Structure formats: structure tokens, C-alpha cells
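Residue numbers (the working numbering), protein chains in the order written: chain A, 1 to 275; chain B, 1001 to 1424; chain C, 2001 to 2322. Ideal placement from N, C-alpha and C gives every residue a C-beta, glycine not left out. Values in this document were obtained by computation on a predicted structure and should not be read as measured data. Notes follow the structure.
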């Protein structure tokens, strides 16, 4: 049904969107390839190219381990936050029980309270429980602060799913859990994928907890590791290395989103509703 | 057909969760094993320094097994370093043995009781052949709380192709810039005028050059009498003159150097790292790079003093070895490596006479001269408060009104020294 | 909130009215209600437990600290002083400046992001070319570490170093004056977080069935009318979540300002001020007070949102009939 002119129009719009989204990114990529001597030339495309920045961050900057930490901690935190969030959101959206409002209010409270003042008490708690500078020591706060977003997003989606579907499934002999898993979850997939992507990016990019609750490479994540890069002197920011690290950090996000993006809109049109 | 859909399916999700958590727990265990020796381990926390590992290895060799220094990283930015150290010290962390600190933190950490005092033999060794001003900056309440590691002073850097004789006062600097501007040549004088510690450093240098100081000697009251008016006046005139880069209020040390390298500036007031940086990035410019003493108000000025010291954590489990380790990490051999390879000026006088150091520091005499007259920043446990307050009040330098700004500074710095009020 | 669903036998769809309560019988609660309650608590328990254990004590501790005088360097001088901290902060002009700046940044950036995000969501939903690639590209700005993106913007706007600064006159340094700096900060914020809005709005868009659009088209509605009368109302829950969380986050902006201007020329936000007092000044009393005040401001904002959007907000009564 797509006419040629429609396709051309959409391609033009796409191009504009891509330009707006990617030009500053390409600037950062260009900074990562620039030779330090040409840094101040103000050109978008580097006059002198160098791959040293990329080699340096792994060789001297020891970026490998923080990258691994980021990937694992990010995935685990996202999975846990989604699982817990799905359960809670389902209950909040579909069931009636005292404390529903409190649950939502508590989630919102946690999302609203400035994290900078929670860091020090959290630090002291983790120290006393020997969780400081460990993976669980970061996973627990990440899950906690991703839950409000996942709960709210998922409950907004669960509310939209009509009751008849569950009733129909139950009449066919399914237990509530099976009804949930085979009917509700696929329909809530857009919400789950959306919440998952947002939660993952939130954990991935966190800086405050990563820098305050770790003290060595055992648990330090990539964004925090960037602030440990050595410049040529104490006054110089190694901008090339920072830009290279940023590019490297962004690649897993791109892969993650590419894998899941088509599930964002497989909604009610997927056929479960039609007779 | 339909009932088949509802057969039980394995709880895959739950399994993944368990595996994931197990992995998470295993992570730190994999790190924990492998370093179990009965040797005393001294944890050194140092900001990023390219050749620190060399120095640490040297000291480990010299220790002959009495202890082993382990190098831990601190963030690159000074504020981040202080945050990490203070948070852990306040919690009584015993994992901090030797810490590399900025000189402005000494009073604060000493007053809070988080670093140990240097006494007896350790103190004697620390003081031996150490330059006077850096040594003073490691003291608080007449006691020694840290051992000086490296020092830093600012110089006036200029281009010999644009400037024949360097200005000695700020007024001369402004006039020289004006003259260059009239000829259409590069004329900016780069200074760290952004709203951060660098602005306080600049202001402090002007104030001490005028013969005044920001706080009294014991750091309990604000000083800033009418002599400081001259300093404020100079700042304002400079910021409104042709010498000031339009980006002045967004310029930190690196931007100042980059602007100078980019060719738009004839002068810059900066630390000696610019020499090595220019040598690496712009060898052409290096041939025209010259230096001169820091300009003053009515004559030669007092250069601002920077530097780092090593302090021993209060809760360290091995203080004796920690003191020894710190002394080694800053002994002449170590300071020579830091000076030649990392561009950190030494604090021990004899190191300056080493031929390799002389070769790496053609400006060595200027540095030594500046170090003997350098102006200290206020020594008070509330230095962070004072710094935040002063940099806010003075920013942007072009809108300073000397009399009003002085009154405002006096009242707000007094509040800062008493930890009253809210910082901006 | 009505929802059209066709059932197998083609009967007229039941209409669900939100907020309609079932009348409670005067007798004891039924077995079904009890089971429902139990299930509800059971499902909420893990999330509630995690949130309580990790964030519960730190929040309480912060609030308690706001009623004390406590400088970390002088633990002996610690003591309760009631509401004195609050009086000090609320009488301090730096607080009101940063509060004003933060509010301005938040309002403008969220407004822009809502419009842009909606447009972006429509493009991502309907585009006929390279859909998957487009959606991924759109999310990249959100995926980049904020601090690095801010460095990118800073260098882009610095005269001499940057590609954007070349479009300005030689004498202007936008990051040294308040209004241009705020504009750049807002630009950096909008660029970074519009994808967040767009993603949530896209998922909301996907819930609007095509039949409704076609039905409205057949009834003679043009594109704009279809958008306003069909799409927007059905997207309300997604809009609420997106707006709410974006506004809450925008109010606590820190990274972009820290890198771009470090709060110079009165461009500092309340978060930067909190940082200066809590971590710089080690004044836990004042720092916690600032945090509580930020929290209260944000809570009032959330309250207003929920009141405006009423039944569309998550947390209102679940749909009728079981």
C-alpha cells in the first residue's frame, strides 16, 4: 500500500531524525579519532586520524574489566527489576487489595528522593554487610531505583488489557498463572520491552552509585571507570580516551536495542484479540 | 486443541534468576582469592599518575619484604578524590593507609582527626632538605600531618615572537595586550577564570601579591582588608580589557593551555605542565615558549602554590610501615621519577640539582624562585566552603564592583568559616 | 477509559468505566476477595521488600539528618535543632536562584520533549523505511553516558575548539553568559532524553488499534482531528508516565550542568547546590535539608500531575468485572 512518494517522504523525515540524533554522536566519535595535536582545530572531521585512543583505554586504562562489570551488572539488574516489576505491576493494575496505593506511593517516593543524599547511608550499610565493592552491592541499588519506572510503565500497560481474555483462558482450563503467562505477558510485551530497555539504559549509565559504592575494578562499572582515566598531566582531561570509551560503551546499548526494538509495537494488533 | 496450550511449562525465568544471582555472588569471590600472603600490605591511594607504578615497584624493592605497597586508583578530578577519601575516612575505613592529598585538604582532615600526626624520626626525615613553603602547607596547628610529595607554582608563559620583555605587573600585562591588539596580533592572556578552584587560586595570588590574605593566619577569621580592593580592581580591569579571552569565565587549566596552543593568545598564567604539553603537541610553538615570574600588583607577584602530600590514615592497621612507605614514595629517588616522567616538580631541594631533572625543567630556576615567595591559600578546615563561596562571588570577573564585592566576600567568607548558611 | 475489543460472537463490547466501585456487602469479605488480596500482597512482596530494605533506611536517615546540625568533620557538635535548617535554607537567596533556574530548565525542556517526543514516536510508528534501524538510531542519544555527551557539547560550543561555535561571531562565548548557557543546557537535555519520551509514547501509540483510525477516517475526520480525538485520549496513561518521570528527572538535573558550566553565572541547579553542601561542605544537616526540599518540590509536582490526569494515572481503580 506504500506509494513511492510516501516512501520518499518518510525517507526524508527519517534522514532529518537521524541527523538530529546522530550529529552530536558523530562529533564524539570524531573526537575519539583525533590526534591530540589537532584537538583545537574545530573541525568536524579529524585532520589527523589515530586509533591510539581505543588501544589505550584497554591497554593502559584497563577498561576491559569495568566493561564486563557493566554488562553483567546491567543485565542482571534489568532482569531482576523486570521480573519483580511485572509481578507488582500486575497486582497493582488488576487486583484489589489494601496497600495498592501505598505501594505506588512508595515506588514514587523512591524515584523522587535525590539519590545524592542516599549514597552515604547506603555506603555505610554496604560496608557493614561486606557488600561494598561487590556486584550485589551495585545490583541491589540498581534494581531498587529501576523498580519505580518499571512498575509504573508496566501497570499502565496491564490496565489496557481487557478482562475477557483472562476469563476466556480460564474457561479453557488454565490456572491463573498460565493465563497470566500465555495471555497477558505476550500482550504486555510492548510494555515489558519498553520498561526493559529503559531500565537497562538507566543501570548502564549510572555514575553516582558506581563511583561511590566501589573502590576497585572488581565491581567498578564503565561510566565510573571513565573518570579514572589518566590524562597527560593532572590538569588535562584525556578527551580522546573519554570519547573512545564512550563510543565503546554505547555499542552494547545499540546491540541490545536492535535485538528488542521490534517487540515494542507488537501490541494488540498481533491477533490475540480478533475472533 | 486448546487444552494442550495450557500444559505446564518449565519456569525458565526463575531458573535464569537463580543462575544470575549465583553469578553475581561469584564475581567478588573470583577476585578475593589470589593475594593471600602474610606480608604487610600497605594500600596507597593515588590520583592517576602515569608512572606511579614505577615508583611503587621501586619502593617495594627497597622495602626488602617489610611491606608491600599496593597501588589503588583515585578519580582524576580532585573533587572526586576528596569525596572518596572523606567518605571512607568518616566511616572509619581501615583500608586507607597512605593517601595522596591536595595541600588544601590537610587542615580539614587533620582537624577532623582522620590523618595521623608525624612525630619523632618520621618527622625529621620528612623535614630534611624539604623546601620551606611546601613543608608549611603540610602543617596544621604547628604540627606536621603529612609529608610533601610534589609542588606546583604558576608562571607567566609568553610567546617570544610577540613579546620582547615580559610584563612584571598586571597593569603592564594589560597594556601589552592592548598594544598587541592594536597591531592585530594574538593578544589574549589566558587565566583560569571559570567558577571553580582555579578562580580562587587566581584571586588568592592577587590578594597575597597585594600584601593581604583571604583569612587570618589561624584560619578562623576572614582577613581581606582594604588592600584586597587592589586585587579586586585588577581582576575587574583585566576581565574587561583586551587581554581577557571571551571564554574567560569558562576557562580551566586545560582550556587555557589549548587556547594558547591554538594561537589566539600571547600569554598564559598556568602551571609548568604546559611545557611538557606543548612539547608533545606543538613542537613549533615550543621554540617560541618563554616564561617569567608571576606578575604582581605593584611589583613582582607571589605565585600561587599548589602541590600534593602523602598522609597516613587514622584507622590504618599498619601505621609504622605506612609511614615508612610514605617516606620512600617521596624520597629523592621517587621524586626524580615523578619530576622527569610525570612533570611533577619536586619538594626536595637536592632533586633540583640532578642533571636529568635540570634537562626536563629548563624553567627550574624560575620554579625555585617562585617557590620561595609563593603565596599560600587559606589554611582552614573549612577550605572547601571558602573556595565555593569565593568562586561564586567573584564570578564572572568582569562584573566585579570592588567595594561591594569586598563587603560581600567578607560577610560570606565569615559564614563559610563558621559553617553557617547555605553554600551556593 | 473505554476499550474496544471484539469477542468471538460479535456481541457488543462491554464498557468499562474506571473508578466504579463494587458495593461492599455488609457481611464479612468473601473468600474470593481474600484470595485476591493474598495474591496481590504476594505479588507485590518481592518488589516492596527490595525497595524497603535498600532505600527505606537511607531515606529515613536523610530526613532525620535534616533536623540535626551535623558537620561530618565535627561529629561531637552534632545535635537536634528542629526546623532551623529549613529556615536557613528557605531564607537563602542562593537556594531560590537555583530553584528558579531548575524550574525554568525543567518546564522548557519537558515541554519541548513532549512535542518532539510525540512527533518522533509517530515517525517511529509509521515510517515505511528502515524501521528497526531508525528506532535504534533514535535511542542512541539516550544510551550515551550523560557526562560524555556533555563534554561533546561543551567542546562543540567552545570558540576555537568546536564545530558549533564556528557559526557564532568570534567574540561570543555562549557558555559564559547565563541565558545562552541555559539554552545550551536545555539543548543538551532535550537531545539526550527526548528518546526516553519517544519510547514511552511509541509504546502508548502501539496500543491504539488501527480500526479506530479507519472508523474515524470513514466518518470524515481529518488527520489532526483523528490525532486529537482518537489517539491522544487513548495514549493518556503512557503520556502520564512519560511526563511524570521525565519531569521528576528533569528537576534533578546535574551532569549536564556540571560539565557545561559547573553552575557558573547562576546556572546551577538545586542538585548542584545539594552536592556542594553535602559533599563539598560536608554539612549533612543542610545537605539533607536541601534533599528533602527537592523531594517535596518534586512530590508536589507529581501530585499535580496525578490530579490533572485523574483516572488515567496508574493507581486508580482497576477495571470492573471479574
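Looking at the secondary structure, which residues open and close the alpha helix (DSSP H) in which residue 181 of chain A lies?
Mapped onto the first chain, residue 181 of chain A falls at position 181. Segment: none, residue 181 of chain A is in no alpha helix (DSSP H) and carries neither H nor E.
Using 8 Å for Cβ pairs, my map puts residue 1417 of chain B next to residue 1106 of chain B. What's the rounded Cβ distance?
In the second chain, counting from the first residue as 1, residue 1417 of chain B sits at position 417. In the second chain, counting from the first residue as 1, residue 1106 of chain B sits at position 106. The pair is not a contact, with the Cβ atoms about 17 Å apart (cut-off 8 Å).
Anticipated Cβ contact below 8 Å, residue 1276 of chain B with residue 1261 of chain B, distance rounded
Taking the second chain and counting its residues from 1, the one referred to as residue 1276 of chain B is at position 276. Taking the second chain and counting its residues from 1, the one referred to as residue 1261 of chain B is at position 261. With 8 Å as the limit, residue 1276 of chain B and residue 1261 of chain B do not qualify as a contact, their Cβ atoms being about 12 Å apart.
Cβ closer than 7 Å: which chain B residues qualify as neighbours of residue 216 of chain A?
Taking the first residue of the first chain as position 1, residue 216 of chain A is located at position 216. Neighbours of residue 216 of chain A on chain B, chain order: 1072.
List, in order along the chain, the chain C residues whose C-beta lies closer than 7 Å to that of residue 1385 of chain B?
To locate residue 1385 of chain B, count along the second chain from 1; it is residue 385. Simply 2281.
Residue range of the unbroken alpha helix (DSSP H) whose run includes residue 2302 of chain C
Locating residue 2302 of chain C in the third chain gives position 302, counting from the first residue. Counted as a single uninterrupted DSSP element, the alpha helix (DSSP H) harbouring residue 2302 of chain C occupies residues 2284-2309.
Mind pulling the chain B residues with CB within less than 9 Å of residue 229 of chain A?
Here residue 229 of chain A refers to the residue found at position 229 of the first chain. For a Cβ distance threshold of 9 Å, residue set 1048 and 1076 of chain B lies close to residue 229 of chain A, ordered along the chain.
Rounded straight-line distance, which links the Cα of residue 2140 of chain C to that of residue 203 of chain A:
Here residue 203 of chain A corresponds to residue number 203 of the first chain, with the count starting at 1. Here residue 2140 of chain C corresponds to residue number 140 of the third chain, with the count starting at 1. Whole-angstrom Cα-Cα distance: 15 Å.
If contacts are defined as beta-carbon pairs under 8 Å, then residue 2036 of chain C and residue 95 of chain A qualify, I think. What distance do you get, rounded to the angstrom?
Looking up residue 2036 of chain C in the third chain gives position 36. Looking up residue 95 of chain A in the first chain gives position 95. About 5 Å; that satisfies the 8 Å criterion.
Burial state of residue 1029 of chain B (16 or more Cβ within 10 Å)
By one-based count along the second chain, residue 1029 of chain B stands at place 29. Residue placement at residue 1029 of chain B is poorly supported in this model, since its pLDDT is 48, which falls under 50; the coordinates still yield a value, given next. The residue is exposed, with fewer than 16 neighbouring Cβ atoms inside 10 Å.
Please list, in chain order, the chain A residues whose beta carbon lies closer than 7 Å to that of residue 2185 of chain C.
Translated into positions along the third chain, residue 2185 of chain C becomes position 185. Per Cβ cutoff of 7 Å: no residues; residue 2185 of chain C is ~14 Å from chain A at best.
Does the beta carbon of residue 1094 of chain B come closer than 8 Å to any beta carbon on chain C?
Counting from 1 along the second chain, the entry for residue 1094 of chain B is found at position 94. Closer than 8 Å: no.
Count the CB pairs spanning the segment 1064-1079 of chain B and the segment 1043-1051 of chain B that are closer than 8 Å, and state whether there are at least three.
yes
Cutoff 8 Å: residue 14 of chain A Cβ touching any chain C Cβ
Along the first chain, read from residue 1 onward, the residue named residue 14 of chain A stands at position 14. Yes, residue 14 of chain A lies at the interface with chain C (some Cβ there is under 8 Å from its Cβ).
Residue 2062 of chain C, enclosing beta strand (DSSP E) - first and last residue
Mapped onto the third chain, residue 2062 of chain C falls at position 62. Here residue 2062 of chain C belongs to no beta strand (DSSP E); instead the alpha helix (DSSP H) covers 2057-2065.
Counting beta carbon pairs with one atom in the segment 2104-2114 of chain C and one in the segment 2234-2253 of chain C, are three or more of them shorter than 8 Å?
yes
Closer than 7 Å by C-beta to residue 1203 of chain B: which residues in its own chain qualify, once you throw out the five before and the five after it? Chain order, please.
Your numbering for residue 1203 of chain B matches position 203 in the second chain. Correct list, in chain order: 1231, 1235, 1390 and 1394.
Out of A/51, A/108, A/228 and A/234, state which residue places its alpha-carbon closest to the alpha-carbon of residue 30 of chain A.
By one-based count along the first chain, residue 30 of chain A stands at place 30. It is A/51 whose Cα lies nearest to the Cα of residue 30 of chain A.
Confirm, please, whether the CB-CB distance from residue 32 of chain A to residue 56 of chain A is below 8 Å.
Numbered from 1 along the first chain, position 56 holds the residue referred to as residue 56 of chain A. Numbered from 1 along the first chain, position 32 holds the residue referred to as residue 32 of chain A. No; because the gap between Cβ atoms is not below 8 Å, this pair is not in contact.
Local conformation of residue 1083 of chain B per DSSP, three classes:
Looking up residue 1083 of chain B in the second chain gives position 83. Of the three classes helix, strand and coil, the one that applies to residue 1083 of chain B here is helix, per DSSP.
State the Cα-Cα distance for the pair residue 213 of chain A and residue 258 of chain A, rounded to the nearest angstrom.
By 1-based counting over the first chain, the position of residue 213 of chain A is 213. By 1-based counting over the first chain, the position of residue 258 of chain A is 258. C-alpha separation (whole angstroms): 31 Å.
Where does residue 2174 of chain C fall in DSSP's three states?
Within the third chain, numbered from 1, the residue matching residue 2174 of chain C stands at position 174. Residue 2174 of chain C: helix per DSSP, three-state reduction.
Grab the span of the beta strand (DSSP E) containing residue 1100 of chain B for me, first residue to last.
Start at 1 with the first residue of the second chain, and residue 1100 of chain B comes out as number 100. Segment 1098-1102, the beta strand (DSSP E) holding residue 1100 of chain B.
Taking 8 Å as the cut-off, decide whether the C-beta atoms of residue 2207 of chain C and residue 2239 of chain C are in contact.
As a position in the third chain, residue 2207 of chain C is number 207, starting the count at 1. As a position in the third chain, residue 2239 of chain C is number 239, starting the count at 1. Against a cut-off of 8 Å, the Cβ pair of residue 2239 of chain C and residue 2207 of chain C comes out as no contact.
Roughly how many angstroms separate the alpha carbons of residue 261 of chain A and residue 191 of chain A, rounded to a whole number?
Taking the first residue of the first chain as 1, we reach residue 261 of chain A at position 261. Taking the first residue of the first chain as 1, we reach residue 191 of chain A at position 191. Spanning the two alpha carbons is a distance of roughly 12 Å.
Terminal residues of the beta strand (DSSP E) in which residue 1394 of chain B lies
Indexing the second chain from 1 puts residue 1394 of chain B at position 394. No beta strand (DSSP E) contains residue 1394 of chain B, which DSSP labels as neither H nor E.
Name the DSSP bridge partner or partners of residue 1156 of chain B?
On the second chain, position 156 is the one that residue 1156 of chain B refers to. Partner(s): B/1269 and B/1292.
Complete runs of the alpha helix (DSSP H) confined to the segment 2148-2217 of chain C [at least 4 residues]
2178-2205
Minimum C-alpha distance to residue 254 of chain A - residue among C/2183, C/2159, C/2079 and C/2142
Along the first chain, one-based indexing puts residue 254 of chain A at 254. The shortest Cα separation from residue 254 of chain A among C/2183, C/2159, C/2079 and C/2142 belongs to C/2142.
Opening and closing residue of the beta strand (DSSP E) in which residue 1310 of chain B lies
In the second chain, counting from the first residue as 1, residue 1310 of chain B sits at position 310. Looking at the DSSP string, the run of the beta strand (DSSP E) that includes residue 1310 of chain B is 1305-1312.
Return helix, strand or coil for residue 1409 of chain B, following the three-state DSSP convention.
Position 409 of the second chain, counted from the first residue, corresponds to residue 1409 of chain B. Here residue 1409 of chain B sits in helix by DSSP.
Does the beta carbon of residue 2053 of chain C come closer than 8 Å to any beta carbon on chain B?
What you label residue 2053 of chain C is simply residue 53 of the third chain in a count that begins at 1. It does not; no Cβ of chain B falls within 8 Å.
Quick check on residue 1082 of chain B - is its C-beta less than 8 Å from some C-beta in chain A?
Locating residue 1082 of chain B in the second chain gives position 82, where the first residue counts as 1. By this cut-off, residue 1082 of chain B is not an interface position.
Throw me the rounded Cβ distance for the residue 2268 of chain C and residue 2279 of chain C pair, which I believe falls under 8 Å.
To locate residue 2268 of chain C, count along the third chain from 1; it is residue 268. To locate residue 2279 of chain C, count along the third chain from 1; it is residue 279. That pair is no contact at about 14 Å.
Leaving out the 5 sequence neighbours to the left and right, which residues in its chain are closer than 6 Å to residue 77 of chain A when beta-carbon positions are compared?
Translated into positions along the first chain, residue 77 of chain A becomes position 77. If we look at residue 77 of chain A and ignore the five residues flanking it on each side, its Cβ neighbours are 139, 142, 143 and 203.
For residue 1423 of chain B, which of helix, strand or coil comes out of DSSP?
For the purposes of this step, residue 1423 of chain B is taken as the residue at position 423 of the second chain. Residue 1423 of chain B: coil per DSSP, three-state reduction.
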